[in-house]
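Note sheet for the following structure.
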Amino acid sequence: MKKQTGLSRRQFGQRAAMGASALSAAVPLAAQTSDASVLPLADQATVDAKYANVIRKYGDRLSDAQRVRAREIIVRHQRMLMRVRDFALENSDAPATGFRLYPSDVRPLDEDKRK
Numbered sequence: 029m030k031k032q033t034g035l036s037r038r039q040f041g042q043r044a045a046m047g048a049s050a051l052s053a054a055v056p057l058a059a060q061t062s063d064a065s066v067l068p069l070a071d072q073a074t075v076d077a078k079y080a081n082v083i084r085k086y087g088d089r090l091s092d093a094q095r096v097r098a099r100e101i102i103v104r105h106q107r108m109l110m111r112v113r114d115f116a117l118e119n120s121d122a123p124a125t126g127f128r129l130y131p132s133d134v135r136p137l138d139e140d141k142r143k
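All you need for our numbering is the position in the sequence shown, starting with 1, plus 28.
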């Protein structure tokens, strides 16, 4: 019987998961939590309004930990939105990729019939 020298997919997945968890455990908790004070005032006001709306809707059902987590998520999403909004686009800008129904080397059947 042939001896297996490489890693199986299962072993690779297990080792990758253990490595990723070890890396995330090495990052201090303070670095993982988001700091709302670095947001500009307009974005901070948006975060406060969104958080107040969440508390208004679901406040009686949320624990203290869930409230903190909700605020962290809102801050993280606001940071992502800041990056998207900072990217300047005009209406005349072409898309980064074009939508094609067929690969460029394959013609649709209708084109073959026309010729």
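Where a beta carbon is used, it is the ideal one built from N, C-alpha and C, also for glycine.
Given this structure, state the Cα-to-Cα distance separating residue i from residue j, to the nearest angstrom.
i           : j           : result
residue 129 : residue 121 : 22 Å
residue 93  : residue 116 : 37 Å
residue 87  : residue 95  : 8 Å
residue 123 : residue 81  : 35 Å
residue 107 : residue 83  : 20 Å
residue 35  : residue 75  : 47 Å
residue 48  : residue 104 : 21 Å
Assuming the contact rule is C-beta atoms closer than 8 Å, residue i and residue j should be a hit. Round their C-beta distance to whole Å, please.
i           : j           : result
residue 78  : residue 102 : 5 Å
residue 109 : residue 98  : No, residue 109 and residue 98 are not in contact; Cβ-Cβ is about 16 Å, not under 8 Å.
Quick one: give me the first and last residue of the alpha helix (DSSP H) that residue i is part of.
i           : result
residue 98  : 92-114
residue 125 : Note, residue 125: premise wrong, no alpha helix (DSSP H); not H, not E.
residue 84  : 69-86
Helix, strand or coil: which one does DSSP assign to residue i?
i           : result
residue 119 : coil
residue 47  : helix
residue 41  : helix
Examine chain D for any beta-carbon lying closer than 7 Å to the beta-carbon of residue i, and answer yes or no.
i          : result
residue 93 : This model lacks chain D altogether, as it is built from one protein chain only.
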